Amino acid sequence: MEVGVSNQIECLVTFPVRSGIFGVGRLASRLTALAASHQIGEWHIGHWVDWRHTGIRINFDTAADAALAKSTCYEAAAATA
Numbered sequence: 016m017e018v019g020v021s022n023q024i025e026c027l028v029t030f031p032v033r034s035g036i037f038g039v040g041r042l043a044s045r046l047t048a049l050a051a052s053h054q055i056g057e058w059h060i061g062h063w064v065d066w067r068h069t070g071i072r073i074n075f076d077t078a079a080d081a082a083l084a085k086s087t088c089y090e091a092a093a094a095t096a
């Protein structure tokens with residue numbers, strides 16, 4: 016059972032977000048492009064980390080997908096437009 020819990024944690028990435036919903040839109044576009052090109056599997060939007068919408072949790076199907084998305088999109092999610 017511990018393996019499943021560990022795997023769930025590895026599949027969850029908290030991305031910093033600037034510009035609230037607009038920042039999430041940019042992040043979603045990048046993640047959708049990765050999924051469309053079959054670089055990652057499905058991803059699922061999670062909850063905001065706080066009421067100011069400074070970060071959002073994204074769940075991925077695998078730890079490898081989470082790692083690739085984080086390395087590809089993490090800095091872009093925090094960038095301002």
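For the sequence shown, this note's numbering begins at 16 and goes up steadily by one.
Each residue gets a CB set at the ideal place from its N, CA and C atoms; glycine is no exception.
Here the structure is a predicted model, which is why all the values come from computation and not from measurement.
Item	Value
How many whole angstroms separate the CB atoms of F30 and Y89, which I take to be in contact at a CB cut-off of 8 Å?	6 Å
Keeping to the same chain, check which residues put their C-beta closer than 8 Å to that of V64; ignore five residues upstream and five downstream.	T29, G70, I71 and R72
Identify, in the order they occur along the chain, each residue of the same chain with its Cβ nearer than 7 Å to the Cβ of E25, setting aside the five sequence neighbours on each side.	A78 and A81
Whole-angstrom Cβ separation of W66 and A84, contact assumed at under 8 Å?	So it is not a contact: roughly 25 Å between Cβ atoms.
Could you give the distance in angstroms between the alpha-carbon of L42 and the alpha-carbon of N74?	13 Å
Hey, out of S52, Q54 and D76, whose CA is closest to L27's CA?	D76
Classify T77 as helix, strand or coil using the three-state DSSP reduction.	coil
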